[in-house]
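Trainee: Residue numbers (the working numbering): 4 to 272. For glycine and all other residues, C-beta sits at the position ideal for the given N, C-alpha and C.
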Amino acid sequence: MPLAKTAHGPLHYDIVDRVAPWQTGSDPILFHHGIGASAELWMGWHPALADRYRLVAFEMRGYGRSHVSPADFTWSLDLLVDDLFAVADAAGLRRFHLVGESIGGTVALAAALARPERIATLTISNGAHLGASIRRVEAWRRQLDEGGVKAWSDAFMSDRFHEGALSPARQAWFAAQQEKWPRGSILNALGVLVGTDLTARLGEIRCPTLLLHPDGSPFIPVPIMAELHRHLPDAELNVIGRSRHGLPYSHADRCAMLLRHFLDARTTG
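#1: Could you tell me the distance, in whole angstroms, from the CA atom of PHE61 to the CA atom of GLU104?
#2: Exposed or buried, what is ILE137 when buried is set at 16 or more other beta-carbons lying within 10 Å of its beta-carbon?
#3: Report the three-state DSSP secondary structure of ALA192 (helix, strand or coil).
#4: On the criterion of 16 or more Cβ atoms from any shown chain inside 10 Å, does PRO221 qualify as buried, or is it exposed?
#5: Can you tell which of HIS216, ARG247, GLY249 and TRP184 has the C-alpha that lies nearest to the C-alpha of ALA74?
#6: Within 10 angstroms of its Cβ, does HIS264 collect 16 or more other Cβ (buried), or is it exposed?
#7: Rounded to whole angstroms, what is the Cα-Cα separation between HIS174 and HIS35?
#8: With C-beta atoms as the reference, is PRO31 less than 7 Å away from ARG57?
#9: Taking all protein chains shown into account, do 16 or more other C-beta atoms lie within 10 angstroms of the C-beta of GLY272, making it buried, or fewer, making it exposed?
#10: Taking all protein chains shown into account, decide if MET4 is buried (16 or more other Cβ within 10 angstroms of its Cβ) or exposed.
#11: The alpha helix (DSSP H) with PRO171 in it runs from where to where?
#12: Thinking C-alpha only, which one of ARG139, ARG98 and GLU149 is nearest THR270?
#13: DSSP puts GLU104 in a beta bridge; with which residues?
#14: Looking only at its chain, what residues have a beta carbon closer than 7 Å to the beta carbon of SER246, apart from the 5 residues adjacent to it on each side?
#15: Any contact between the region 120-130 and the region 139-155? By contact I mean 3 or more CB pairs, one from each, below 8 Å.
#16: Closer than 8 Å by C-beta to GLN275: which residues in its own chain qualify, once you throw out the five before and the five after it? Chain order, please.
#17: Under 8 Å by Cβ, that's how I've got GLY37 and ILE106 pegged, so tell me the actual separation to the nearest angstrom.
#18: What's the gap between the Cα of TRP143 and the Cα of THR109?
#19: Please check the pair HIS132 and LEU215, which I expect to be a contact at CB under 8 Å, by giving their CB distance rounded to whole angstroms.
#20: Have a look at VAL195 and VAL140 and give me their C-alpha separation to the nearest angstrom.
So, in structure tokens, the structure goes:
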């Protein structure tokens, strides 16, 4: 099982390398999921990308096959950026395309600011430069206190997906993955976002950036993404209809094809 070592515990990552032998020179893609998701979230993106791009996805700190820190461990945005690059280094990614969803999108923006020479392109799905409010932390803590992780997950599912957006099997699988998240990791990850505001530095992100956003996220309104798009020097914004905060799972085919077209148009090799 591939693991990236960090000062605060190992992180699990998966590699998909099915690049056709005639496809050469393409930088790999690194995927960062958000709270409640897992590295397997991105499997629906593989068919559109794997023939040309080596794919690496990892499970973020606090969940699943990666190190689960104690509930009192201090999380920070810098820590999550360091985690991302620890995975990239372990997987042998010198320069790569970076894709992040939800908090993974915020981490991706911060990573592009921290080490711009490592990032070929940036893709943000249902994520933003602005973090969560303390009210959301309080609401999630109340759900967890009153009904446990299952109650929190049940409420979150309606924020992620419109009714009927998924087959029963796909809905059940996602819910089961989400319910495995530890309470402490949920709140600590969300706490990283409280007060986060990268607005002042967005103009420093020079790499081509693809923004994929749902028209109905209860957490990040479309005008926030329009603001992000306005501040980035080289960005494309796609707002996808009839979608909520689970966009990269419910609309995996659409998102992956948009990314493929974006990468093929912006890169050579």
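Mentor: If we stick to the structure as given:
#1: Taking the sequence shown and counting its residues from 1, the one referred to as residue 61 is at position 58. Taking the sequence shown and counting its residues from 1, the one referred to as residue 104 is at position 101. Rounded to the nearest angstrom, the two C-alpha atoms are 12 Å apart.
#2: Here residue 137 corresponds to residue number 134 of the sequence shown, with the count starting at 1. The residue is exposed, with fewer than 16 neighbouring Cβ atoms inside 10 Å.
#3: As a first step, residue 192 is located in the sequence shown; it is residue number 189 there, counting from the start. It is helical.
#4: Counting from 1 along the sequence shown, the entry for residue 221 is found at position 218. So PRO221 ends up on the exposed side.
#5: For the purposes of this step, residue 74 is taken as residue 71 along the sequence shown, with counting starting at 1. Here the closest residue by C-alpha is TRP184.
#6: Mapped onto the sequence shown, residue 264 falls at position 261. Result: exposed.
#7: Taking the sequence shown and counting its residues from 1, one reaches residue 174 at position 171. Taking the sequence shown and counting its residues from 1, one reaches residue 35 at position 32. Before going on, a small fix: residue 174 reads as Gln here, not His. Approximately 21 Å between the Cα atoms of the pair.
#8: Mapped onto the sequence shown, residue 31 falls at position 28. Mapped onto the sequence shown, residue 57 falls at position 54. Yes, Cβ-Cβ distance for PRO31 and ARG57 is below 7 Å.
#9: Along the sequence shown, read from residue 1 onward, the residue named residue 272 stands at position 269. The pLDDT assigned to GLY272 is 48, lower than 50, so where the model puts this residue is not dependable; a value taken from the coordinates is nonetheless given after this. By the neighbour-count rule (16 or more Cβ atoms within 10 Å), GLY272 is not buried but exposed.
#10: Working through the sequence shown from its first residue, we reach residue 4 at position 1. Exposed.
#11: In the sequence shown, counting from the first residue as 1, residue 171 sits at position 168. Element bounds for PRO171: 171-181.
#12: Here residue 270 refers to the residue found at position 267 when the sequence shown is read from its first residue. Comparing Cα-Cα distances from THR270 to each of ARG139, ARG98 and GLU149, the minimum goes to ARG98.
#13: Counting from one through the sequence shown, the residue named residue 104 turns up at place 101. SER128, per the DSSP bridge assignment.
#14: Reading the sequence shown from its first residue, position 243 is the one you call residue 246. Hits under 7 Å: PRO217, ASP218, GLY219, SER253 and HIS254.
#15: no
#16: Because the chain here runs from 4 to 272, residue 275 falls outside it and cannot be looked at.
#17: Position 34 of the sequence shown, counting from 1, holds the residue named residue 37. Position 103 of the sequence shown, counting from 1, holds the residue named residue 106. That pair is a contact at about 5 Å.
#18: Sequence index remark: in the sequence shown, residue 143 carries index 140 (1-based). Sequence index remark: in the sequence shown, residue 109 carries index 106 (1-based). Distance between the alpha carbons of TRP143 and THR109 is about 19 Å.
#19: For the purposes of this step, residue 132 is taken as the residue at position 129 of the sequence shown. For the purposes of this step, residue 215 is taken as the residue at position 212 of the sequence shown. HIS132 to LEU215, Cβ: 15 Å. No contact.
#20: Working through the sequence shown from its first residue, we reach residue 195 at position 192. Working through the sequence shown from its first residue, we reach residue 140 at position 137. Whole-angstrom Cα-Cα distance: 10 Å.
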